[in-house]
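FYI, the numbering for the sequence shown is 4 to 827, going by our numbering.
We put the CB at the ideal spot given by N, CA and C, even for glycine.
Since the structure comes first, as structure tokens, the remarks are kept for the end.
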Amino acid sequence: MTHTPHHDDPHDNHRRPIKLSARLGFLRAIAAWVIAAERGTASIWRIVVWAMAFAGLWMLQIPQMFGMAGSVIALIIFVVGLVYIPWRYSPRFQMPRPGDIDRRLEMDSALSHRPLSQSHDRLANPQKDDTRRLWDVARDQQQKLLARLRSPRPRPVLAPADPMALRILAALVVICGLAIAGPSWTARVRDGLVPFSWPKAVEKTDSITVWITPPVYTGVPEMVFSEHTKSDPAKPISIPAGSDIKVRVRSHWGDIAAPVLAADDQTFAMDNLGDGNYGLVRPLPQATHFRIRQLVFNRMEWMATIIPDTPPTITVAGKAEIGPHADVKIPVKLRDDYGVETLGMTITLAADTDAMKLGADYTTTQTIMSPPGQDYETAPSFDLAWHPWAGLPVQITMTATDHRGQTASLTEPVTITLPERTFRHPLARQLVTMRKRLIRTPDEAASNVAYDLETIVMSPSTYQGDPVIFLALRSAAVRLLTYPGNMDEMASVVALLWDVALRVEDGNMTMAYRSLKDAQQALQNALRDPTTTPEQLAQLVEELRQAMVEYMQEMMREMQKNMAESGNEQLMTAEALEQAMNTMDISAYIDQMMARAMSGDRNEAQQMLNDLQKMMESMDPSADMQLPEDVKKMMESLGGLQEVIEQQEKLLADTKEAKTAESETPEEKEKQDAIRSDMGELMMKMDEALGQIPEKIGEAEQFMRKSGEELAANNPGGSIPHQEDALDRLRNQQKQMSEKLQQRLQQMTMLSFGGGGMRTDPLGRPIEDGEGGQNPWSKSKVEVPDEAERRRIYDIMQELRKKSGELTRPDYELDYFHRLMRQF
């Protein structure tokens, strides 16, 4: 039936195809669009899903978590996928043909025998009636089938191609990215497509900064890391134990999963600081592998080795020594990896000694500040003569404590007899005897001691009418009679009698020294206490300054009194002595110490206070000060020189009188020879004391010889100029020696903190001034910045720390600040 004869009649209805309705044309148009959509979707869906997935990742900024490298790698993978997917998976797109359209309509309408395909068939032999009748029946059946046509529906072309529904996952990633990025989603996608401009395109994206702050006493500087810091797993970072860690993370998707710090098997959550910032401040965990993790990604990791802080060690370095005023010195050897901070001493009554009603175990502490990692021998002085157990066997335990609070004690306590101080003043000895009676038999001796005290009070000449002593003795007597048997009152009276005995013996010197020690100890405790405020530190420093000034004044009075008693007051004037005891240098040193404490460097301030304490220990706070041997020789030489000058002055006066009377001068000649003889002995002493004979002394001896020759010739007028020249040389030499003695006293008392004509650093080392400087002969290369320079450096460091903590700054700025901080 499909073959059309050559004699077709176009006007024969039996030879025409079935006339199609307008509805069929509409259905064919819809079918064409559906087929084109299905073929187009099958061609581009993989590319669309690929682009959606990467757009979602960029909006979530997941590639940026791994820095520039992560962004570049993600872009490369995206471009490679855009090329590979069309080449590998997308078929060639073709527009639907009429046969494809009709077949789709037949299949979706469930029509059998393909009526649309047969609608264009024509009758080949219409001349036969039987054929025409069959043809008409077939055409009627086709018309009925075509009436059942309906619009085609799109088929699910993606399900067979994507059985795991990855397209849904990509859509969810995009939705989450849009929800988190908000209005900035276009900028984030643009940053992903152009990663090289990403750090500059936005104000600040994700960043990580880690600060590890070791304890101040270790001397190890603060360590700063970022996500760009390269870490070699084979070279772990050495971190002292007790360090603190501070982490700051900026993350735009922290709302989904906040970053955490992982240390080996431990995990520490970070606090939300707002505006996409997360932070953590805590002691550094004891771990070797540290990571900053977010979701399942390690955003930063490093290896570390924790350096332990070992306890100190202490051993006895020699026999205990007793000072001239019953102070106890026990040489010990200390060692600690970061230095011993304090040395404690505890005394207890020996086990074989009877218990005492008065007196108790006593503990005191001194700041040591030993050098780190080195053996350090010291023999701190402890004044224990005041203790009620003085004269009894005791056990002394020494305990070293490092900056972390770890302690070490002597393996065996030191057993000694607690020394008693010897007093020279009769009243002081009497008071100490009464005090011992109260300590030994407090109940029996209380009334008798009170009566003896009343007797002393009634004799003001015994204590020179000192009102302080009068009130103290009167108070002690009344308390003994008012509170018999009260051990607390007995103990306070015992302490009071000791203070009175010291005042009688040493005047105000010892009390001033005690006040200074108390002020030093209070400041040491405050420097070790991190809760001490700057106002409290300033108050304690001022109290130390006042105590220091009072002590120096008392010391100057005692030295003047000693020189007056020994007849050497002419060797050093009050002005020279005051210059040697220059309190301005001490005040400047204390100002530097306060500046260190106020700037936060309390460790350095404590070291300076420790140096000040050593200086005070080297100064004997008693009236009978023990002078070094070279100082004694210098003072003896000055005394002998003063005698020679006085004799020569007297001889000069006699010679002038002889000239006026025109008398002979044999007697003056003998006196001049005697003076020359004394001068010779003095020259030998000076050679022993100074290591050489001063040039001016030799010149004076020559002038004395010429004077003797003129006197031998009975020429007093010719002798006078030579005597005057000799006196001039002697006085100049006396002035020079007085200046040297003054400088030596400054060195002896260690009070020359920057004075005395030679600039030194706070530890007394000379500072190199260079050519033409104040100290050109110094070989030291020590350079100590002045206060203005130190303040400028401190201000710069504070500003750099502030700017390096602003995480909204670009990475290149933060790196620049960190490099600057390492320079300072």
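Assign residue i to one of three DSSP states: helix, strand, or coil.
i	result
residue 301	strand
residue 267	coil
residue 66	helix
residue 361	coil
residue 261	coil
residue 666	coil
residue 741	helix
residue 355	coil
residue 158	coil
residue 276	strand
residue 197	coil
residue 424	coil
residue 776	With a pLDDT of 39 at residue 776, under the threshold of 50, the modelled position of this residue cannot be trusted; read the value that follows with caution. Coil at residue 776, not helix or strand.
residue 465	helix
residue 400	strand
residue 312	coil
residue 798	helix
residue 165	coil
residue 386	strand
If you follow the beta strand (DSSP E) that residue i is part of, which residue opens it and which one closes it?
i	result
residue 214	210-216
residue 411	410-412
residue 226	226-229
residue 282	280-286
residue 812	Unbroken run through residue 812: none, as it is neither H nor E.
residue 240	240-243
residue 251	247-253
Looking at the strands, I want to know which residues DSSP matches up with residue i.
i	result
residue 405	343
residue 369	346
residue 306	292
residue 335	319 and 381
residue 3	A question about residue 3 goes unanswered here, because the residues of the chain that appear run from 4 up to 827.
Report all residues from its chain with a CB closer than 8 Å to the CB of residue i; omit the five preceding and five following residues, and keep chain order.
i	result
residue 684	643
residue 353	395, 396, 397, 398 and 418
residue 391	359, 361, 362, 442, 494 and 497
residue 70	230 and 231
Note down, in chain order, each residue of its chain lying with its Cβ closer than 6 Å to the Cβ of residue i, except the 5 sequence neighbours on either side.
i	result
residue 223	217 and 243
residue 688	640
residue 610	372
residue 180	59, 62 and 63
residue 733	648 and 703
residue 77	66
residue 313	340
residue 823	803
residue 815	none
residue 239	306, 307 and 308
residue 376	340
Kindly indicate the opening and closing residues of the alpha helix (DSSP H) around residue i.
i	result
residue 451	445-460
residue 187	Where residue 187 is concerned, there is no enclosing alpha helix (DSSP H), given that its DSSP letter is neither H nor E.
residue 530	512-531
residue 417	Premise fails: residue 417 lies in the beta strand (DSSP E), 417-420, not in any alpha helix (DSSP H).
residue 509	490-509
residue 478	470-485
residue 700	698-715
Note down, in chain order, each residue of its chain lying with its Cβ closer than 7 Å to the Cβ of residue i, except the 5 sequence neighbours on either side.
i	result
residue 416	398, 399 and 400
residue 500	434, 437, 438 and 479
residue 266	288, 290 and 293
residue 426	432, 435, 504 and 508
residue 219	606
residue 386	330
Give a yes or no on contact between the segment 338-353 and the segment 361-381, applying the rule of three or more CB pairs nearer than 8 Å.
-> yes
For the segment 269-282 against the segment 72-85, are there 3 or more C-beta pairs whose distance is under 8 Å?
-> no
Count the CB pairs spanning the segment 375-392 and the segment 326-337 that are closer than 8 Å, and state whether there are at least three.
-> yes
Between the segment 518-525 and the segment 463-483, do three or more beta carbon pairs fall short of 8 Å?
-> no
Count the C-beta pairs between the segment 168-180 and the segment 36-55 that are closer than 8 Å, then say yes if the count reaches three, no if not.
-> yes
Would the segment 650-665 and the segment 711-728 be scored as touching if the rule is three or more Cβ pairs under 8 Å?
-> yes
Given 8 Å, three or more beta-carbon pairs between the segment 530-543 and the segment 454-469 | no
Sufficient close CB pairs (3 or more, under 8 Å) joining the segment 705-720 to the segment 665-673 = yes
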